[in-house]
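I have placed the structure first, in the form of C-alpha cells, so that the comments after it can refer back to it.
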Amino acid sequence: MGRKTFIALLFLFAATSYLVAQTFEVNQPAPAKKGKQKAAPKKPAEEGASGIGWGSGIETAREARAVQQALAKSDYKAAIASANRAANAAPQNADLWFLLGYAARLGGDYNLSLQGYQRGLARKPSSIQGLSGEAQTYAKMGRDAEAQDLLKKVLAANPKSVTDLQLAGELAMNSDPNTALDLLKRADSLKADARTDLLIARAYQKLNQPAGYKEYLNKAQNRAPNDSNVMRAFAAFYRDTGNYNESIAALQKVVRRNPEALSDLGYTYGLAGKKKESAEAYSQAANKFPKQAGTQLSAAQALVNVGQFGPAENFLKRAEASDANGYRLHAIRKDRFIRFRCT
Numbered sequence: 008m009g010r011k012t013f014i015a016l017l018f019l020f021a022a023t024s025y026l027v028a029q030t031f032e033v034n035q036p037a038p039a040k041k042g043k044q045k046a047a048p049k050k051p052a053e054e055g056a057s058g059i060g061w062g063s064g065i066e067t068a069r070e071a072r073a074v075q076q077a078l079a080k081s082d083y084k085a086a087i088a089s090a091n092r093a094a095n096a097a098p099q100n101a102d103l104w105f106l107l108g109y110a111a112r113l114g115g116d117y118n119l120s121l122q123g124y125q126r127g128l129a130r131k132p133s134s135i136q137g138l139s140g141e142a143q144t145y146a147k148m149g150r151d152a153e154a155q156d157l158l159k160k161v162l163a164a165n166p167k168s169v170t171d172l173q174l175a176g177e178l179a180m181n182s183d184p185n186t187a188l189d190l191l192k193r194a195d196s197l198k199a200d201a202r203t204d205l206l207i208a209r210a211y212q213k214l215n216q217p218a219g220y221k222e223y224l225n226k227a228q229n230r231a232p233n234d235s236n237v238m239r240a241f242a243a244f245y246r247d248t249g250n251y252n253e254s255i256a257a258l259q260k261v262v263r264r265n266p267e268a269l270s271d272l273g274y275t276y277g278l279a280g281k282k283k284e285s286a287e288a289y290s291q292a293a294n295k296f297p298k299q300a301g302t303q304l305s306a307a308q309a310l311v312n313v314g315q316f317g318p319a320e321n322f323l324k325r326a327e328a329s330d331a332n333g334y335r336l337h338a339i340r341k342d343r344f345i346r347f348r349c350t
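Set out below in C-alpha cells:
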C-alpha cells in the first residue's frame, strides 16, 4: 500500500469519526464500546463491510473532509452534496449514510435525510445514533407518531440521552404536557442547559403556570443570553403577549445568525398587519430552505395576500414537488385564483 493511500485512509477514518461525533452531539446516544469500533485485524472481510476499499479511500477522504468543512460554515447544500458522494462511494458504511441524513436534515431536505438514515439502519439496525437521527427527521417532517415510536426504542436502550429526552418531551408537549414536563425534568437533571430550560418553560406555559414559565425563561436567558434559540423564545413570549414590535426587534437580531428564524419573523409581521414585510421575510426563508414544503406554502400565502400572484405560484410549485395532494396547497391555489380573478 502506498504512503499517500495510507495517509488518505487515516484521514478518512478521522474525518468520519469527527462527523459522527457531530451527529452524536445532536443525538446524544450512549458511546459505543471501543471494541465494536475497530475492525478485527484478522478479519479482512470486514473491510468490505465498512464499504471503504483501498481504491476509493482517497476520494472518500476528500468528500468526508469537504462535509466537515461545509458543516462548519453552515453551507448545507455543499455538505449534502459531499455527504451523498461519500456515502455512495462507500455504500456499506452506515456512518456515512447517517452523516448524509444529518446534513440533509440541517439543510431542510427531510426526504433525503430519511433515506440516509434508513439506508444506514439497513446496515446497522440497532444503531442508537441512526434511530435517534431518524426520529429527529420524522419530528421535523411533522410525523410525530413515528418519531415517538422510535424515541421509545432509543430511550429504552439509552435512558440518559439528554437530546432524546428533550425531543420526546417536545413531542409530548401538545398532547400531554405533564408527561412532557416529566421527561424534560429528567433531561434537566442529567444536563442543565438553555434548550432544556426553554422546553420546560413551554411545558409550564401549556399547563397555564405562568410563574414556572417565566422562571425557566429567565434561566435560559441567564445561561445563554446571546443564544439564538433563547432570543427566539423571548420573541415568541413577546408575540404571545401582543408585543409585536418587541418580538420583531428581537427576531431581526436573530436572523443575522440563524436564518431559520426568518419564518418566525414573517409570521410575526403578519400578526402585526405588516403584509409586505411578512411576504419579504417568508420569501427569504423559502429561498433559503427550498426543500421545506411548509415554508414554501407560507411564502406563497403571504405573497397572495399582497397580490404577487406570479411569485406565489413559483413557491406553490416547489411545495407541490413534495406533496402534490396537500390540502393547504390546493387551498392557497384556490385563494390565489379567486383573488387574481377579482383584480
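According to my numbering, the sequence shown is numbered sequentially starting from 8. Virtual Cβ for every residue (Gly too), placed ideally from N, Cα, C.
Leaving out five residues before and five after residue i in sequence, what residues of the same chain have Cβ atoms less than 6 Å from its Cβ?
i, result
"Phe316", "Arg343 and Phe347"
"Ile255", "Thr275"
"Ala231", "Ala201 and Val237"
"Arg69", "none"
Verify whether the separation of the beta carbon atoms of residue i and residue j is less than 8 Å.
i, j, result
"Asn91", "Leu107", "yes"
"Ala268", "Leu278", "no"
"Leu310", "Pro297", "no"
"Gln5", "Leu178", "As displayed, the chain neither begins before 8 nor continues past 350, which places residue 5 out of reach and without an answer."
"Leu157", "Tyr145", "yes"
"Ala227", "Ala201", "yes"
"Ala187", "Val169", "no"
"Leu190", "Lys167", "no"
"Gly114", "Tyr83", "yes"
"Leu355", "Gly176", "No statement about residue 355 is possible, as the shown extent of the chain runs from 8 to 350 and does not include it."
"Tyr220", "Asp204", "no"
"Glu141", "Leu121", "yes"
"Glu351", "Ala86", "Nothing about residue 351 can be read from this structure; the chain reaches only from 8 to 350."
"Arg209", "Met238", "no"
"Gln308", "Ile345", "no"
"Ala242", "Ser270", "no"
Spatial neighbours of residue i within its chain, please: CB distance less than 7 Å, with the 5 preceding and 5 following residues excluded, ordered by chain position.
i, result
"Lys147", "Arg112 and Tyr117"
"Arg351", "Residue 351 lies beyond the residue range present for the chain, which begins at 8 and ends at 350; the question has no answer from this structure."
"Ser182", "none"
"Arg325", "Pro297 and Gln303"
Tell me, to the nearest whole angstrom, how far the beta carbon of residue i is from that of residue j; I am working on the premise that it is less than 8 Å.
i, j, result
"Ala286", "Val262", "Contact doesn't hold; Cβ gap of about 15 Å is too wide."
"Gln143", "Leu174", "6 Å"
"Tyr289", "Gly273", "4 Å"
"Ala71", "Ala93", "5 Å"
"Ala390", "Ser89", "Outside the modelled stretch of the chain, which goes from 8 to 350, sits residue 390, for which no answer is possible."
"Ser235", "Asn265", "4 Å"
"Phe105", "Gln136", "6 Å"
Give me, in chain order, the residues of the same chain whose beta-carbon lies closer than 8 Å to that of residue i; leave out the 5 immediate sequence neighbours on both sides.
i, result
"Asp330", "Ala300 and Leu336"
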